[in-house]
Amino acid sequence: MDCVVTGGNVKVLAKAIHSLSRIGDELYLEPQEVGLALRSVNSSRSAYACFLFSPLFFSRYTIPLGHAFRCKMAIKCVQAVFRSLSSLEKTVEKCHIELDGEKSRLTFTLHCKHGLLKTHNLSFQDSESLQAVFDKESCANMLRAQPRLLVDTVLHFPPSLDEVSVSVSGERVCFRNHVDDEAEQSKAMLTELCLSSDEFDHFAVGAQTSITFCLKELRGLLVFAESTGLPVSMYFDEPGSPVVLSVTDSVLEVNFVLATLSDDSNLCNHNNNTKRARSPPPPDDFMTDDIDSYLIAMETSELAGPSDALAPRSPSLERGEEEEEEDTEDTERPPNKKFRSLFFGSVCPSDSQLTNQTIKSQEVLASDSEDDTQASFTSCL
10 MDCVVTGGNV KVLAKAIHSL SRIGDELYLE PQEVGLALRS VNSSRSAYAC FLFSPLFFSR
70 YTIPLGHAFR CKMAIKCVQA VFRSLSSLEK TVEKCHIELD GEKSRLTFTL HCKHGLLKTH
130 NLSFQDSESL QAVFDKESCA NMLRAQPRLL VDTVLHFPPS LDEVSVSVSG ERVCFRNHVD
190 DEAEQSKAML TELCLSSDEF DHFAVGAQTS ITFCLKELRG LLVFAESTGL PVSMYFDEPG
250 SPVVLSVTDS VLEVNFVLAT LSDDSNLCNH NNNTKRARSP PPPDDFMTDD IDSYLIAMET
310 SELAGPSDAL APRSPSLERG EEEEEEDTED TERPPNKKFR SLFFGSVCPS DSQLTNQTIK
370 SQEVLASDSE DDTQASFTSC L
């Protein structure tokens, strides 16, 4: 691959890489005939982002024909190439990107003013295809607004806020901070901001609903959208289905796919805090294990004492003591915070497998499960 980015597009490319750094720690690069795809996914696979730059975005874009190539690298290394965003537009005239598959090297050459050249040689690893499976056009609700409107909206929320809830009705949209049921309501600060439908460029609500998703990724997209001046579109359905944030231009397409909080999480949290008959645990699925939920369960178990289910049992325990521990297991479980997220399949099938396997376009949303926690995520890719 050999491509050249000139003028103000260098800053656009740099902003895209900085936005991807808010998603995950690795950058997936895939040159295609339709353009250069830059992707990233977080560790829990509940957030995915893709920037697709068309060949018209570059002053020169050449890739080997008939040869599919994919690689990944640490995103901090690429971010260091475009460290100073303020000086890029003033000092850098063009950026030359060259990918050498034989040497496993990706070279960024910045042509600055007064003939100064800055060369960065980055090593990479071969990777499989990373692609989220989603259909934003089939969503019942679609909102489009200028980035300045959304930036001014999220400014009312503190930087430490993790999740935000968006509620839509026939005439307005409300943004409010999400407060867990376990939090003490008397000490919790609630912030809500409502926007009229007239403030949006496009307002189409097919189903009145409320969704909750992470605010960090939304902030990252808004920083990019505001720098380019492109409107932001939001596609979503009921709680638990992914929300798609999109920015589209003639030479650029950006999609952020974020997991949303499942609507039955409040009911599950209430059940965990009341004494009810124990229900059978959900089946374990090794494909959907959530490491964050596991760590929460381990921490809760250590604080609960020796009667917790995760504490080691002595062989000399009587049968009656074991039954008593099983009866109290439900009341000592950690809070159930259930997300529906995206299932990412990063396996690239061979040509022979593709001929024998029919790929069905279907929504792959399933609840993750954990034997000791019931906190889970669902993924689609």
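Just so you know, we're using the numbering used here here: the sequence shown kicks off at 10 and counts up by one. Positions of the beta carbon are idealized from the N, C-alpha and C atoms, including for glycine.
Could you work out which residue in the options is closest to residue i when comparing CA atoms only?
| i | options | result |
| --- | --- | --- |
| glycine 215 | Glu146, Asp135 and Asn264 | Glu146 |
| leucine 254 | Pro40, Met243, Glu262 and Leu108 | Met243 |
| asparagine 150 | Asp189, Leu159 and Ser176 | Ser176 |
| cysteine 59 | Leu139, Ala268 and Leu115 | Leu139 |
| valine 266 | Gly124, Cys80, Ser96 and Val142 | Val142 |
| methionine 107 | Pro73, Asp272 and Ser53 | Rather than methionine, the amino acid found at residue 107 in this sequence is glutamate. Answer by Cα proximity: Pro73. |
| valine 182 | Ala154, Met10, Gln88 and Leu199 | Ala154 |
| lysine 99 | His129, Ser219, Asn130 and Asn18 | Asn18 |
| serine 245 | Lys225, Leu239, Ala213 and Phe91 | Note that residue 245 corresponds to phenylalanine in the displayed sequence, not to serine. Among Lys225, Leu239, Ala213 and Phe91, the Cα nearest to that of phenylalanine 245 is on Ala213. |
| serine 271 | Pro240, Cys121, Leu239 and Asp189 | Asp189 |
| valine 50 | Leu131, Cys121, Arg69 and Ile84 | Ile84 |
| leucine 152 | Asp11, Leu36, Glu208 and Met10 | Glu208 |
Distance check for residue j and residue i, CA to CA, integer angstroms please.
| i | j | result |
| --- | --- | --- |
| glutamate 247 | phenylalanine 117 | 43 Å |
| valine 101 | proline 168 | 32 Å |
| phenylalanine 78 | glutamine 217 | 43 Å |
| phenylalanine 133 | glutamate 42 | 21 Å |
| cysteine 148 | leucine 202 | 24 Å |
| cysteine 104 | leucine 119 | 5 Å |
| lysine 24 | valine 173 | 24 Å |
| serine 361 | glutamate 180 | Confidence is the limiting factor: at serine 361 the pLDDT is only 44, short of 50, which leaves the residue's position unreliable, though a coordinate-based value still follows. If you take the alpha carbons of serine 361 and glutamate 180, they lie about 52 Å apart. |
| serine 113 | serine 136 | 12 Å |
| phenylalanine 222 | leucine 126 | 43 Å |
| glutamate 39 | aspartate 258 | 20 Å |
| histidine 187 | valine 21 | 32 Å |
| valine 13 | leucine 97 | 15 Å |
| serine 178 | glycine 249 | 18 Å |
| phenylalanine 233 | valine 263 | 10 Å |
| methionine 296 | threonine 237 | Per-residue confidence for methionine 296 stands at a pLDDT of 41, beneath the threshold of 50, marking its modelled position as unreliable; the derived number appears in the next sentence. Between methionine 296 and threonine 237, the C-alpha separation is close to 38 Å. |
| serine 52 | threonine 200 | 29 Å |
| arginine 157 | phenylalanine 166 | 15 Å |
| alanine 46 | histidine 123 | 32 Å |
| serine 206 | valine 241 | 15 Å |
| leucine 159 | aspartate 210 | 12 Å |
| valine 256 | threonine 15 | 21 Å |
| leucine 170 | glycine 110 | 42 Å |
| alanine 56 | arginine 69 | 32 Å |
Is there a C-beta anywhere in chain C that falls below 9 Å from the one on residue i?
| i | result |
| --- | --- |
| methionine 10 | In the displayed structure, chain C is absent; only one protein chain is listed. |
If we count the other Cβ atoms within 10 Å of its Cβ and call it buried at 16 or more, is residue i buried or exposed?
| i | result |
| --- | --- |
| glutamate 81 | Note on identity: in this sequence residue 81 is lysine, with glutamate being the wrong assignment. Lysine 81 comes out buried. |
| arginine 48 | buried |
| leucine 94 | exposed |
| alanine 268 | buried |
| leucine 164 | exposed |
| alanine 89 | exposed |
| threonine 162 | buried |
| glutamate 330 | Confidence in glutamate 330 is poor, its pLDDT being 47 and thus under 50, which makes the residue's placement unreliable; the coordinate value appears in the next sentence. By the neighbour-count rule (16 or more Cβ atoms within 10 Å), glutamate 330 is not buried but exposed. |
| leucine 261 | buried |
| arginine 54 | buried |
| proline 289 | Low per-residue confidence applies at proline 289: pLDDT is 48, beneath 50, and the placement is therefore not dependable enough to give any value. |
Task: Stretch-stretch touch, CB-based, cutoff 8 Å, three pairs: the segment 228-240 with the segment 21-40 - done: Touching, yes.
Open item on the list: Runs of 4 residues minimum, wholly inside the segment 202-282: which ones carry the alpha helix (DSSP H) assignment?
Closed with: Entirely contained in the segment 202-282, the alpha helix (DSSP H) runs reaching 4 residues are, in chain order, 224-237 and 274-281.
Task: 3-residue-minimum beta strand (DSSP E) runs that sit fully inside the segment 153-181, ordered along the chain - done: Along the length of the segment 153-181, whole beta strand (DSSP E) runs at least 3 residues long occupy 172-177, reported in chain order.
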